[in-house]
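Have a look at the structure below before the remarks.
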Amino acid sequence: NAWMTHSSTHPVDFSKMSFEEIRIFHEGTGAQIVPAGIAPRNPFYIFDRAGEWLLLKFFVRDPVKKLERATLLSQEKVAEFSEADESSYDAINAQLKSYLDMIQQLFVLNEIDTTEEGQAARSFALRALRSEQDQLMTIAQNNPKEIISATIAKLVSLQESGQKIETSNESK
């Protein structure tokens, strides 16, 4: 699931790219960075979730790297919404909300504010959140479901708090 097609003849393997390379690719193409992962109906979904949880809780210690990874995982969950049927929405939404909560907690850490890498990661996360909001709004038009509306509201709130932090840091 690490593959994404930039054009019909040039597939891109994001699993071998650094975060900086992914960010530059995304800014250059405006493409969605992360394709959908394993669907909740897949018997291996539990292993996918466990791997993501272990990665974020135990293996990624640096707050900047954690923000980058949580952003990419939240994008994967939004991509899963677009490919899922309604029976999978609750499972995908629960995981998406946990990544959004983590992003919100990471936005306010000093380690994010004091480094250029942290500020770039927060800016990238804010752009990704706007993209996720747009994608979910499109899905909600075709599938009006309260769960998607609540997640969109959380995305909007998170973007507003992130923008306030960026604005206050720029005025310092």
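Following this note's numbering, the numbering of the sequence shown begins with 593 at its first residue and continues without gaps.
The beta carbon of each residue, even a glycine, is placed where N, CA and C say it ideally should be.
Query	Result
If we count the other Cβ atoms within 10 Å of its Cβ and call it buried at 16 or more, is Glu644 buried or exposed?	buried
Taking Cβ to Cβ, would you say Leu728 is nearer than 7 Å to Ile740?	yes
Roughly how far, in whole angstroms, is the beta-carbon of Asn652 from the beta-carbon of Arg661, given that I think they are within contact range, below 8 Å?	Per the sequence presented here, residue 652 reads as Val, with Asn not at that position. About 6 Å separates the two Cβ atoms, so the contact holds.
Look at the Cβ atom of Ile757, then the Cβ atom of Phe699, and state whether they are nearer than 7 Å.	yes
How would you call Ile638, buried or exposed, if buried means at least 16 neighbouring beta carbons within 10 angstroms?	exposed
When the Cα of Glu708 is compared with those of Gly629, Asn761, Lys689, which residue comes out closest?	Asn761
State the Cα-Cα distance for the pair Glu752 and Ala745, rounded to the nearest angstrom.	11 Å
Evaluate Arg545 with the Cβ neighbour count: other Cβ atoms within 10 Å of its Cβ, from every protein chain shown; 16 or more gives buried, anything less gives exposed.	With the chain covering 593 to 764 only, the question about residue 545 has no answer from this structure.
Select from Ile630, Gln687, Tyr681 the residue whose C-alpha is nearest the C-alpha of Glu738.	Tyr681
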